[in-house]
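The listed protein sequences derive, respectively, from chains G and U. Here the first sequence is numbered in our numbering, starting from 51 and rising by one per residue. Here the second sequence is numbered in our numbering, starting from 51 and rising by one per residue. C-beta atoms are modelled at their ideal positions from N, C-alpha and C, and glycine is treated no differently. This structure is a prediction, so every number in the text was calculated from the model and none was measured.
2 protein chains.
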Amino acid sequence: MKNCYLALVHHPIVNKRGDTVTTSVTNLDIHDIARSARTYGFDGYFIVTPVEKQHALVKNILDHWNTDYGNEYNPDRKDALSFINMANSLEYACKVIEEKHGQAPIKVATAAGFKDFDGTCEDLRGKLEVDNRPMILIFGTGWGLHASVTENVDFRLEPIFGAAKDGYNHLSVRSAVAIYCDRLRGSL
Amino acid sequence: MKNCYLALVHHPIVNKRGDTVTTSVTNLDIHDIARSARTYGFDGYFIVTPVEKQHALVKNILDHWNTDYGNEYNPDRKDALSFINMANSLEYACKVIEEKHGQAPIKVATAAGFKDFDGTCEDLRGKLEVDNRPMILIFGTGWGLHASVTENVDFRLEPIFGAAKDGYNHLSVRSAVAIYCDRLRGSL
């Protein structure tokens, strides 16, 4: 499997009523997802938002872990956060990857609600071996990625179905990221 | 697999220096872990702390999602949180399970740092089929479960190793819970 990147998208996102919105970056999404992606050998984590003030907010958080105090107290945290990149859009993130590796990444979308999808994590692993290109694994926030994103990817992953007898299926995005990381790269 | 329970332990916990401490309950640990456990068909989630004020804090948070506003805004959240139980100790949690099901649960400990362990998730699934008893899956906070816990369980699970080439392995407890839920019950 070639270089893998992860993206957490805050725009364009759908809210509860189906409107297109921009969600806020949260501190835990920064930390938990960086630690999962880093543990599973991803090469970078893009936090996607067009809101410049949120870029500054994330920079402040990252700076804390890069100071003498933060770094001394928890150097592993600094290590996980050092591979975070801010991106104004998903297109920009893909462009950064393409410039770095000389190939556009395979765009993979995740969603809890896909009725149609292109395959399982195992299928995707096979595809990545054959295509031999970088990949960007895309997660939404709020009530999920806008259709303009999911309709313009190369691969839509099978949702995580869980095992609740009554069909309850409401993982946090942080939990979904961890599970997909493990399914895609857990036995590498 | 019989009835499965999850426990998040805040005492006795080890801190960075190896001291025995009591950690604080955090809002995200309540929510993310409840949603993972509920999605994967667990029967209950015990938040273990001897600090009575923390019991009241959790109750306040749960009450919010049970009010008209919280319930109307996000009924799925209420649903996930409704199976949370507070416990003063792990022993108390096990006693509750035993009283409910007429059998003491198999105690399973998780840790990122186990050098010796009793088997993988697949091994544990096999054991649970044979033993046909309830299970409690135990997670630590802070720098991990105190030895007095891990030395007194029936099964110590293989750590999650990830796939980082440099061996980086620092998942949040919320991510570790999600991954173990998926490995243990993802294909049920």
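* Asked: Are the beta-carbon atoms of H81 (chain G) and T73 (chain G) separated by less than 7 Å?
  -> Taking the first residue of the first sequence as position 1, residue 81 (chain G) is located at position 31. Taking the first residue of the first sequence as position 1, residue 73 (chain G) is located at position 23. Against a cut-off of 7 Å, the Cβ pair of T73 (chain G) and H81 (chain G) comes out as no contact.
* Asked: Roughly how many angstroms lie between the CA atoms of P62 (chain G) and T200 (chain G), to the nearest whole one?
  -> Residue numbering aside, residue 62 (chain G) sits at position 12 when the first sequence is read from its first letter. Residue numbering aside, residue 200 (chain G) sits at position 150 when the first sequence is read from its first letter. In a straight line, the C-alpha of P62 (chain G) is about 11 Å away from that of T200 (chain G).
* To do: Using a Cβ-Cβ cut-off of 7 Å, state whether G212 (chain G) counts as contacting chain U.
  => As a working note, residue 212 (chain G) is residue 162 in the first sequence. G212 (chain G) counts as touching chain U.
* Would you tell me roughly how many angstroms separate the C-alpha atoms of E149 (chain U) and C54 (chain U), rounded to the nearest one? => On the second sequence, residue 149 (chain U) is found 99 positions in, with the first residue counted as 1. On the second sequence, residue 54 (chain U) is found 4 positions in, with the first residue counted as 1. For E149 (chain U) and C54 (chain U), the distance between alpha carbons rounds to 14 Å.
* Please confirm if H220 (chain U) has its CB atom under 7 Å from at least one CB of chain G. => One-based indexing of the second sequence puts residue 220 (chain U) at position 170. Yes - at least one Cβ of chain G is within 7 Å of the one on H220 (chain U).
* **Rounded C-alpha distance that separates S86 (chain G) from N219 (chain G)** => Locating residue 86 (chain G) in the first sequence gives position 36, counting from the first residue. Locating residue 219 (chain G) in the first sequence gives position 169, counting from the first residue. Approximately 21 Å, taken between the alpha carbons.
* **Where N182 (chain G) falls: helix, strand or coil (DSSP)** => Counted from its first residue, the first sequence places residue 182 (chain G) at position 132. In the structure shown, N182 (chain G) sits in coil (DSSP, three-state: anything other than H, G, I, E or B).
* To do: Could you tell me which of U:C231, U:F164 and U:K215 sits nearest to G91 (chain G), measuring between CA atoms?
  => Along the first sequence, read from residue 1 onward, the residue named residue 91 (chain G) stands at position 41. Of the candidates U:C231, U:F164 and U:K215, the one whose C-alpha sits nearest the C-alpha of G91 (chain G) is U:K215.
* Asked: Closer than 7 Å, CB to CB, is I188 (chain G) near chain U or not?
  -> Taking the first sequence and counting its residues from 1, the one referred to as residue 188 (chain G) is at position 138. Answer no: the Cβ-Cβ gap between I188 (chain G) and chain U never drops below 7 Å.
* **Contacts of R175 (chain G) in chain U (Cβ-Cβ under 8 Å)** => Within the first sequence, residue 175 (chain G) is the residue found at index 125, counting from 1. Residues of chain U passing the Cβ test: none, with the nearest at roughly 12 Å.
* Asked: Measuring CA to CA, which of U:D232, U:I188 and U:E208 is closest to V98 (chain U)?
  -> Residue mapping note: residue 98 (chain U) aligns to position 48 of the second sequence, counting from 1. Taking only the C-alpha atoms, the option nearest V98 (chain U) is U:I188.
* **Cβ neighbour criterion (16 or more within 10 Å) applied to R67 (chain G)** => On the first sequence, residue 67 (chain G) is found 17 positions in, with the first residue counted as 1. That one is exposed.
* **Euclidean distance between Cα positions of F205 (chain U) and L131 (chain U)** => Reading the second sequence from its first residue, position 155 is the one you call residue 205 (chain U). Reading the second sequence from its first residue, position 81 is the one you call residue 131 (chain U). Taking the straight line from one Cα to the other gives about 27 Å.
* **Partners in chain U for R88 (chain G), counting only beta-carbon separations shorter than 8 Å** => Against the first sequence, residue 88 (chain G) aligns to sequence position 38. By Cβ distance, chain U contributes A214, Y218 and H220.
* **Paired residues, beta bridge with G68 (chain U) - DSSP** => Here residue 68 (chain U) corresponds to residue number 18 of the second sequence, with the count starting at 1. DSSP lists no partner for G68 (chain U).
* From the DSSP output, in three-state form, read off K177 (chain U) for me. => The residue given as residue 177 (chain U) occupies position 127 in the second sequence. DSSP places K177 (chain U) in helix when its eight states are reduced to three.
* Drop a sphere of 10 angstroms on the beta-carbon of D69 (chain G), count the other beta-carbons inside from all chains shown, and report buried for 16 or more, exposed for fewer. => Counting from 1 along the first sequence, the entry for residue 69 (chain G) is found at position 19. Flag for D69 (chain G) reads exposed.
* Report, in whole angstroms, the separation of the C-beta atoms of P155 (chain G) and M185 (chain G), which I expect to be a contact under 8 Å. => Locating residue 155 (chain G) in the first sequence gives position 105, where the first residue counts as 1. Locating residue 185 (chain G) in the first sequence gives position 135, where the first residue counts as 1. The pair is a contact, with the Cβ atoms about 6 Å apart (cut-off 8 Å).
* Asked: Going straight from the alpha carbon of C231 (chain U) to that of V203 (chain G), what length do you get?
  -> For the purposes of this step, residue 231 (chain U) is taken as residue 181 along the second sequence, with counting starting at 1. For the purposes of this step, residue 203 (chain G) is taken as residue 153 along the first sequence, with counting starting at 1. Those two C-alpha atoms are separated by around 29 Å.
* To do: Kindly provide the ranges of any alpha helix (DSSP H) runs that are 4 or more residues long and lie completely inside the segment 189-223 of chain U, ordered along the chain.
  => 197-200
* Asked: Using the C-alpha atoms, what's the distance from D173 (chain U) back to N138 (chain G)?
  -> As a working mapping, residue 138 (chain G) is identified with position 88 in the first sequence. As a working mapping, residue 173 (chain U) is identified with position 123 in the second sequence. Each residue's Cα considered, the two are about 45 Å apart.
* Contact under 7 Å by Cβ, V180 (chain G) with I83 (chain G) -> Along the first sequence, read from residue 1 onward, the residue named residue 180 (chain G) stands at position 130. Along the first sequence, read from residue 1 onward, the residue named residue 83 (chain G) stands at position 33. No.
* Use the C-beta contact count for S225 (chain G): other C-beta atoms within 10 angstroms, 16 or more gives buried, fewer gives exposed. => As a first step, residue 225 (chain G) is located in the first sequence; it is residue number 175 there, counting from the start. Its Cβ being crowded by 16 or more others within 10 Å, S225 (chain G) is buried.
* Return the CA-CA distance between R235 (chain G) and M51 (chain G), expressed in angstroms with no decimal places. => Taking the first sequence and counting its residues from 1, the one referred to as residue 235 (chain G) is at position 185. Taking the first sequence and counting its residues from 1, the one referred to as residue 51 (chain G) is at position 1. Taking the straight line joining both Cα atoms gives about 9 Å.
* **Under 7 Å between C-beta atoms of H196 (chain U) and V64 (chain U)** => Locating residue 196 (chain U) in the second sequence gives position 146, where the first residue counts as 1. Locating residue 64 (chain U) in the second sequence gives position 14, where the first residue counts as 1. Yes, the pair counts as a contact, with Cβ atoms nearer than the cut-off.
* Asked: Which of helix, strand or coil does DSSP assign to A162 (chain G)?
  -> Position 112 of the first sequence, counted from the first residue, corresponds to residue 162 (chain G). Three-state result, A162 (chain G): coil.
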